[in-house]
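Heads up, the thing below is written out as structure tokens.
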Amino acid sequence: MRASEEELRRLMIGGLDGNAVDHAALLRLLAPLLRAFCRRRCGEDDVEDLVQETLIAVHTRRGTYDRDRPFTAWLFSIARYKMIDHFRRTRRYRPIEGLEEILIAEGFEESSIARMDVEDLLETLPPKQARMIRATRIEGMSMAEAANADGISESDAKVSVHRGLKTLMTKIQGGRR
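Once you know that position 87 of the sequence shown is 87 in full-length UniProt numbering, the rest is easy, because the numbers rise by one and skip nothing.
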């Protein structure tokens with residue numbers, strides 16, 4: 001389950017106020033978000049290390065979070081810097097998808113909020129369509145990997161993605177008129 005910006009922010013503030021249950025719940029919810037963020041940018045080999053480094057940084061630097069700002073902007077800033085530090089340490093130079101967009105601070109907050117809007121849109125779809133779109137378009141899995149993970153045929157996965165995207169496009173275009 002993906003949490004909304006409001007839920008993540010509420011848990012972070014609860015943790016800052018001394019609620020250990022909220023802080024633990026926040027860290028559990030962040031792991032899949034960070035895995036998807038890292039997987040899209042650096043490949044499978046480094047994902048778990050980067051997720052753990054980022055979770056540690058979120059924990060140790062939680063006092064720097066400004067309660068009046070969106071939580072995900074703060075979170076993904078930490079993740080971005082941890083990724084850059086990791087590549088510097090390991091001296092591995094490979095293109096990071098969208099790095100130039102990530103490094104530009106202007107608009108970062110809006111893009112973080114937009115990711116949450118995508119999750120809200122996916123919640124309106126039938127569960128299988130939402131799972132297949134998340135797996136293939138957000139988490140970066142191939143159609144075969146997504147189908148296998150969900151226990152369905154590849155053609156069923158393709159149809160689910162196609163129908164889901166078509167439904168989302170209709171909803172988005174309908175909202176603009």
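Note that the Cβ used here is the ideal one computed from N, Cα and C, for glycine as well. Given the structure is predicted, the values throughout are model-derived calculations rather than measurements.
- Here residue 153 is exposed. Its C-beta has fewer than 16 other C-beta atoms within 10 Å.
- CA-to-CA, the gap between residue 5 and residue 19 works out to about 19 Å.
- A distance below 8 Å between beta-carbons, with the five flanking residues on each side excluded, links residue 150 to the following residues of its chain, in chain order: 128, 131, 132, 135, 157.
- Listed in chain order, the alpha helix (DSSP H) elements of length 4 or more contained wholly in the stretch 17-75 are 20-42, 47-60.
- For residue 143, the enclosing alpha helix (DSSP H) stretches over residues 143-150.
- Apart from the 5 residues on each side of it in sequence, residue 14 sits with its Cβ closer than 6 Å to the Cβ of 22 in its chain, given in chain order.
- Secondary structure note for residue 130: its alpha helix (DSSP H) is the uninterrupted segment 127-133.
- C-alpha of residue 40 to C-alpha of residue 17: approximately 33 Å in a straight line.
- Taking the C-beta atoms as reference points, residue 165 is found no nearer than 8 Å to residue 121.
- With 16 or more other Cβ atoms from the protein chains shown falling within 10 Å of its own Cβ, residue 53 counts as buried.
- When DSSP states are grouped into helix, strand and coil, residue 90 belongs to the helix group.
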